[in-house]
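What follows is the structure in structure tokens.
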């Protein structure tokens with residue numbers, strides 16, 4: 125009886141040395157600590173910010189563009205005038221309006237020559253404007269679609285990295301708990317094996333030299349080797365846990381029950397939405413390529429300049445103006461312009477008419493046709509990829525729903541079994557207090573209850589991984 129008591133006292137020491145009731149910080153606190161100390165997480169944050177900046181740059185609206193040139197200034201001594209003449213190529217400014225036609229307004233002083241005594245003076249200010257009008261399909265949603273795609277991809281990548289990082293911590297904790305549970309079970313089996321061998325010798329049912337006893341010795345040696353391997357693996361797992369979380373392993377963390385509410389979205393998830401945007405972009409590329417073959421462009425421009433010259437008292441002033449248009453298509457263009465010069469002193473007007481045109485046999489038509497066929501194929505492939513992604517999502521979602529149902533059943537059975545084991549322990553303790561059972565029976569019941577704590581923790585961790593799978597399948601419709 126003493127041997128039996130000592131054997132199960134050893135089991136109780138196992139529970140004392142590896143207390144299952146010693147809980148560490150909560151899982152959420154562990155994950156937050158890992159976030160704060162992880163260089164990998166810092167890289168994920170930087171990638172997310174860069175993605176957000178790229179989207180902001182893409183969404184930036186065109187503003188009024190202003191370009192200013194000061195011109196070159198020179199000073200030259202003129203012996204004929206006995207004075208320095210200052211020259212400049214003339215400052216000018218170009219204003220580009222943020223409209224579809226990219227209206228450009230250009231003003232400048234033109235070249236200027238001036239001497240301080242007024243013997244030499246010339247000024248040629250000018251102004252011009254141009255505007256382009258696209259006749260045909262002018263809508264271009266590609267930039268908007270790319271911005272949506274980049275924004276969604278940045279968020280999706282960041283969230284996926286977070287989930288993957290959390291799962292790595294959960295899996296590490298699961299490995300530690302599985303290892304510790306195996307250590308406890310192996311130590312229990314060693315105690316039981318030692319007791320069986322001791323009892324066999326005491327009862328003289330076997331001798332130390334018998335084959336049966338040598339088999340028991342071999343079984344014990346295997347158990348001890350298994351224990352040594354598990355303890356060595358435990359040290360490695362704890363080191364990996366510290367490296368991952370910057371915390372020391374101190375037992376089962378406080379775990380919450382997972383949130384497993386999930387319904388399939390007929391439009392798919394983020395991954396499907398990205399494929400849908402890729403399809404939209406492919407269709408947009410095809411539309412723009414076709415538009416290049418049919419669109420026409422009308423450009424309107426005009427300008428005016430004034431020339432004032434005063435060479436040693438003789439003054440000549442003139443005014444020049446021009447206006448013109450150019451009409452162009454894929455394989456031809458034509459245009460015309462009218463200009464005129466008016467001499468203020470002589471009151472002469474000199475008009476000028478210019479007509480231009482060009483045509484080609486559209487030698488690149490075959491290339492453009494082949495390119496459109498290629499873009500049509502790309503659009504069809506994008507459509508197939510989108511449909512495949514949607515079907516894959518629906519299949520994954522159905523599989524996930526099955527996993528959720530299976531986990532809920534497993535957890536319910538575990539809770540029922542654990543509750544029964546607690547009641548059994550209480551009954552054994554009550555019987556022991558009345559002297560109706562042995563201390564070893566109480567120890568066995570307690571060991572079973574403590575091992576249930578590991579099973580419950582491992583099951584909760586499995587459920588949290590499923591919860592993260594639900595997060596990965598969050599609804600992101602088109």
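Residue numbers (the working numbering): 125 to 602. Just so it is clear, CB atoms sit at the ideal spot from N, CA and C, and this is done for glycine as well. Note that the structure is a prediction, hence the values are computed from the model and not measured.
Per DSSP, the unbroken alpha helix (DSSP H) holding residue 576 starts and ends at 563-596. Cβ contact annotation for residue 443 (same chain, cutoff 6 Å, sequence separation greater than five): 430 and 466, in chain order. Boundaries cannot be given for residue 381, as no alpha helix (DSSP H) includes it and DSSP labels it neither H nor E.
Scanning its chain for C-beta atoms nearer than 6 Å, with the 5 sequence neighbours on each side dropped, one finds around residue 405 the residues 269, in chain order. Of 296, 301 and 587, the smallest CA-CA separation from residue 528 is found for 587.
Residue 364 and residue 296 have their C-alpha atoms some 8 Å from each other. Rounded to whole angstroms, the gap between the alpha carbons of residue 548 and residue 331 is 38 Å. In the structure shown, the three-state DSSP call for residue 509 is helix. Its chain contains 175 and 398 as the residues whose beta carbon lies nearer than 8 Å to that of residue 277, once the 5 sequence neighbours on both sides are disregarded; these appear in chain order.
Look at residue 327 here: in three-state DSSP terms it is coil, with no helix or strand label. Out of 543, 341, 159 and 309, the CA that lies nearest to the CA of residue 324 is found in 341. The shortest C-alpha to C-alpha distance from residue 256 to any of 226, 250, 271 and 230 is the one to 226.
Annotation for residue 517: 392, 393 and 396 place their beta carbon closer than 6 Å to its own, counting only its chain and skipping 5 residues before and after.
Rounded to the nearest angstrom, the gap between the Cα atoms of residue 538 and residue 515 is 35 Å. In chain order, 340, 343, 344 and 347 place their CB closer than 8 Å to the CB of residue 317, counting only its own chain and leaving out the 5 sequence neighbours on each side.
The Cβ atoms of residue 591 and residue 384 sit closer than 9 Å to each other. A distance of 9 Å or more separates the beta carbons of residue 542 and residue 512. Membership of residue 414 in the alpha helix (DSSP H) is indicated by the continuous run 394-418. Burial of residue 409 is indicated by the presence of at least 16 other C-beta atoms within 10 angstroms of its C-beta.
Between the stretch 498-505 and the stretch 366-376 there are fewer than three inter-stretch CB-CB distances shorter than 8 Å, so the stretches are not counted as touching.
Each residue's CA atom was taken as its position, placing residue 428 and residue 494 some 46 Å apart.
In terms of CA proximity to residue 228, 423 leads the group 423, 559 and 522. Bounds of the beta strand (DSSP E) holding residue 232 are 228-232. Rounded to whole angstroms, the separation of the alpha carbons of residue 551 and residue 315 is 24 Å. The alpha carbon of residue 582 has as its nearest neighbour, out of 519, 559, 303 and 358, the alpha carbon of 303. Beta-bridge annotation (DSSP): residue 465 is paired with 444 and 474. Distance between residue 251 and residue 481, taken at the CA atoms: about 26 Å. The alpha-carbon separation between residue 300 and residue 307 amounts to approximately 10 Å.
No residue range can be given for residue 387, since it is assigned to no alpha helix (DSSP H) and is classified by DSSP as neither H nor E. Shown here, residue 483 sits in a strand according to DSSP, grouped into three states. Per DSSP, reduced to three states, the secondary structure at residue 256 is strand.
If one requires a minimum length of 3 residues, no beta strand (DSSP E) run lies completely within the stretch 298-363. Straight through space, the alpha carbons of residue 578 and residue 376 are spaced by roughly 8 Å. One thing to note: residue 293 has its Cβ within 9 Å of the Cβ of residue 151.
By the beta-carbon neighbour count (other beta carbons within 10 angstroms, threshold 16), residue 519 is exposed. Around residue 230, the same chain offers 218 and 252 as residues with beta carbons nearer than 6 Å, after the five sequence neighbours per side are excluded.
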